[in-house]
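To convert, note that position 13 of the sequence shown is 13 in UniProt numbering; the numbers rise steadily by one, no gaps. Every residue gets a Cβ at the ideal spot worked out from N, C-alpha and C, and that includes glycine. A quick note: this is a predicted structure, and the numbers were derived from the prediction, not measured.
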Amino acid sequence: MSTKAVHLEAVSDLPSEAFLASFRRRGRCTDMYSDRGTNFIGAYNLLLSYCKQSSETLSIKWHFNPPSAPHFGGLWESAVKSVKTHLYRVIGCQILTFEELTTLLAQIEALLNSMPLCSCPDPNDLGSLTPGHFLTLEPHTAPPDENLLDVTQNRLSRWQLVQQLQQHFWKRWHVEYTLQQRAKWNSVQNSPRIGTLVVVKDENLPPLRWLLGRIIKLYPGTDQVVRVAQIQTTKVFFDRPLVKQCPLPDQ
């Protein structure tokens, strides 16, 4: 099994030295993939010069994309797009301090790394593995916070403003993640299976909360096509249409 996770760093500028500073905050890696941005190439050359001065070998394998080929970095560019698209819309004209931006990025990083990947081996366990498990060996959680989505910004403190931006980001990204492409009514889709672990769409969930449940019963229609299923969560049983259910990637 392979997976990916997101790490976000805020920098005050884009020279090679600023990138090296953020690179050191994360720690040494064995392989580095990047486009041919001047800051990345400059950082690579600086590292090579440092190694020559100290008679050491560069223990990092740096893989540059071919020129004018951004699609070669599709694996990480999709994650970058998830951040940039919604962050631009959420922040808008707001001016954040460096500390506020760093805090917001750390919270967004936790959101992106909380998405369910696959079910646990125990069929009685309704939890799921997330990218966060591979980073911290435990799921990403957050303390409860008040809902600030509908509060006007002139009534918020600076801390509340950052939390409101995080909640808006979660609402947008969470809905986008659960909107899977479906060819409605054009072709017969594979029927769901009893025991499948699914994410149930709920736009009112707070950040870092995913409603996971297991299908325990199917309701075929008069044409024998299943459109509704009964879901078991850790607390309750309920019926939901299939369009409100998203199977985990491994299901």
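How far does the beta strand (DSSP E) with Leu-218 in it extend, from its first residue to its last?
Counting along the chain, the beta strand (DSSP E) containing Leu-218 begins and ends at 212–220.
Can you tell me where the beta strand (DSSP E) holding Ile-231 begins and where it ends?
Here the beta strand (DSSP E) through Ile-231 covers 226–232.
DSSP beta-bridge partners of Ser-34:
Beta-bridge pairing links Ser-34 to Phe-64.
Tell me which residue opens and which closes the beta strand (DSSP E) that Pro-131 is part of.
Per DSSP, Pro-131 lies in no beta strand (DSSP E) segment; the continuous alpha helix (DSSP H) that holds it begins and ends at 131–136.
Whose C-beta lies closer than 6 Å to the C-beta of Met-32 among residues of the same chain, with five residues either side of it excluded?
Correct list, in chain order: Ile-60, Trp-62.
Go ahead and pull the three-state DSSP assignment for Arg-240.
In the structure shown, the three-state DSSP call for Arg-240 is strand.
Closest residue to Phe-19 among Leu-46, Glu-146, Leu-248, Arg-193 (Cα-Cα distance):
Comparing Cα-Cα distances from Phe-19 to each of Leu-46, Glu-146, Leu-248, Arg-193, the minimum goes to Leu-46.
Would you list, in sequence order, the uninterrupted beta strand (DSSP E) runs of no fewer than 3 residues that lie entirely inside the segment 2–47?
Considered as a whole, the segment 2–47 harbours 31–34 as its complete beta strand (DSSP E) runs of no fewer than 3 residues, in chain order.
For the putative contact between Gly-132 and Asn-113, defined by C-beta atoms under 8 Å, what is the C-beta separation to the nearest angstrom?
Gly-132 to Asn-113, Cβ: 4 Å. Contact.
Leaving aside the five residues before and after Pro-249 along the sequence, list all residues of the same chain whose C-beta is less than 7 Å from its C-beta, in chain order.
Answer for Pro-249: Leu-117, Cys-118, listed in chain order.
Simplified DSSP assignment, three categories, for Cys-51
Cys-51 falls in the helix class under three-state DSSP.
Does the distance from the CB of Ala-106 to the CB of Pro-207 come in under 8 Å?
For Ala-106 and Pro-207, no; Cβs fall outside 8 Å.
In chain order, what residues of the same chain lie with their CB nearer than 8 Å to the CB of Pro-67, ignoring the 5 residues before and after it?
Closer than 8 Å at the Cβ level, and outside the excluded window around Pro-67, lie Arg-36.
With a cut-off of 8 Å on the beta carbons, I'd call Leu-212 and Leu-197 a contact; round off their distance for me.
Leu-197 and Leu-212 do touch by the CB rule: their CB atoms are close to 6 Å apart, below 8 Å.
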